[in-house]
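Trainee: Quick one: this structure, given as structure tokens, is what I'll be asking you about.
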Amino acid sequence: MDRHPEGIATRREGSWTCEPSAVDREGMSLHNTRVLVIGGTSGIGLGVARAVADRGATPIVASRRQSSVDRALAELPGGAVGEIADPTDPLALDRLADAVGDVDHLVYTAGESLELGRLADLTPEAINGFLQTRFVGALSAVRVFGPRLRAGGSVTLTSGTAAWTPGFGALPVSLCGAMNALTTALAHELAPIRVNAVAPGLIRTPLWDDMAEADRQALYEQEAQRVPLGRIGEVDDVVRAYLYCMEQTFSTGTVITVEGGILLV
């Protein structure tokens, strides 16, 4: 029997036909699914929304700002859905659940600008806001949408390589470590719903836009020299990891790093 590049050759009624292999079918697994991306109106989240739409899924993007939702919907294909929801507000998440109904996959990428300051420079407001959006919001979203995930569904959270890099500062390091622990705990509790996380390194996204442009470019150039692969990451690099988490049906409790090898340095 010949194996075709497109898949596996099989014989039917005296003739050979080519059917998709199991690996090929994984690439079609998002077709006709509904994917909720909380934080899906910019950066990595918007990239995930675009990618699932390309695979035939309906992306549902949620953000706390109407202007962000409108801008994202203008960039996404027709059929995409946008909703306003503040992930730090439990009532807002309940309203979001009522509005969108059941979904197949939940992706959580919400997060404001990174707080990389020294401990002495952090304010209680900054600490609370950072943790509320990135950790409490993620946990609350899973609490609300976990029961609404269809069979075969998944949750993909967002961590970061700061979990393994103490020099990033107390707040992001502790937050990313907590996200990794949350991923394994939820994977155990929610099985057979799969729960995984993606831990990006330095990625060119709007999260860095609060920095002065010269400082931002200097950061990119400095880090590119340190990364073994010789560049900083782009949104598309990370999006592939989120797709893997949704499409790969035999992984749960994993944290996938996408960082160009910086953790080797």
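What the sequence shown shows, in my numbering, is residues 16 to 280, in sequence order.
No residue lacks a Cβ here, since even glycine has one placed at the ideal position from N, Cα and C.
What you are looking at is a predicted structure, and each value in this text was computed from that prediction instead of being measured.
(1) Specify the secondary structure class of residue 189 as computed by DSSP and reduced to three states.
(2) Residue 93 and residue 78 - do their beta-carbons sit closer together than 9 Å?
(3) Taking three-plus beta-carbon pairs below 8 Å as touching, is the segment 166-176 in contact with the segment 204-216?
(4) In three-state DSSP terms, what is residue 165?
(5) Provide the residue(s) that pair with residue 49 in DSSP beta bridges, ordered along the chain.
(6) Note down the Cα distance separating residue 106 from residue 80, rounded to an integer number of angstroms.
(7) By the DSSP assignment, the beta strand (DSSP E) with residue 233 in it spans what residues?
(8) Given 8 Å as the limit, is there contact between the segment 193-202 and the segment 225-244, that is, 3 or more CB pairs closer than that?
(9) Between which two residues does the alpha helix (DSSP H) containing residue 253 stretch?
(10) What did DSSP end up calling residue 182 once you bin it into helix, strand or coil?
(11) By DSSP's criteria, residue 272 is part of a beta bridge. Which residues make up the other side?
(12) Less than 8 Å between the CB atoms is what I'm expecting for residue 83 and residue 57, so what's the real figure, rounded?
(13) Given residue 153, which residues of its chain have a CB within under 6 Å of its CB, disregarding the five upstream and five downstream residues?
(14) So, residue 115 versus residue 261, is the Cβ gap smaller than 9 Å?
(15) Taking only three categories from DSSP, how would you classify residue 209?
(16) To the nearest angstrom, how far is the alpha carbon of residue 274 from that of residue 47?
(17) So, using beta-carbon positions, are residue 268 and residue 202 closer together than 9 Å?
(18) Across which residues does DSSP place residue 97 in a beta bridge pair?
(19) Once DSSP output is grouped into helix, strand and coil, what is the label at residue 39?
(20) Could you work out which residue in 227, 183, 214 is closest to residue 257 when comparing CA atoms only?
(21) Does residue 187 pass the burial test, meaning 16 or more other C-beta atoms within 10 Å, or should it be called exposed?
(22) Is it true that the CB of residue 50 sits closer than 9 Å to the CB of residue 117?
(23) Can you grab the Cα-Cα spacing for the pair residue 244 / residue 69, in whole Å?
(24) Check this for me: beta carbons of residue 102 and residue 53, under 9 Å apart or not?
(25) Please tell me whether residue 109 and residue 76 are closer than 9 Å, where the distance is taken between their beta carbons.
(26) Hey, could you find the ends of the beta strand (DSSP E) residue 151 is sitting in?
(27) Exposed or buried, which one is residue 74 when buried takes at least 16 other CB atoms within 10 Å?
Mentor: Reading from the atomic positions:
(1) helix
(2) no
(3) yes
(4) Here residue 165 sits in strand by DSSP.
(5) 73
(6) 16 Å
(7) That residue, residue 233, is in no beta strand (DSSP E); its alpha helix (DSSP H) goes 228-241.
(8) By the criterion of at least three beta-carbon pairs nearer than 8 Å, the segment 193-202 is not in contact with the segment 225-244.
(9) 250-262
(10) Helix at residue 182.
(11) 214
(12) 7 Å
(13) Contacts found: 123, 172.
(14) no
(15) strand
(16) 31 Å
(17) yes
(18) 76
(19) Only weak support exists for where residue 39 lies, its pLDDT of 48 falling under 50; the coordinates are left without a value.
(20) 214
(21) buried
(22) no
(23) 28 Å
(24) yes
(25) no
(26) From DSSP, residue 151 is part of no beta strand (DSSP E); its letter is neither H nor E.
(27) buried
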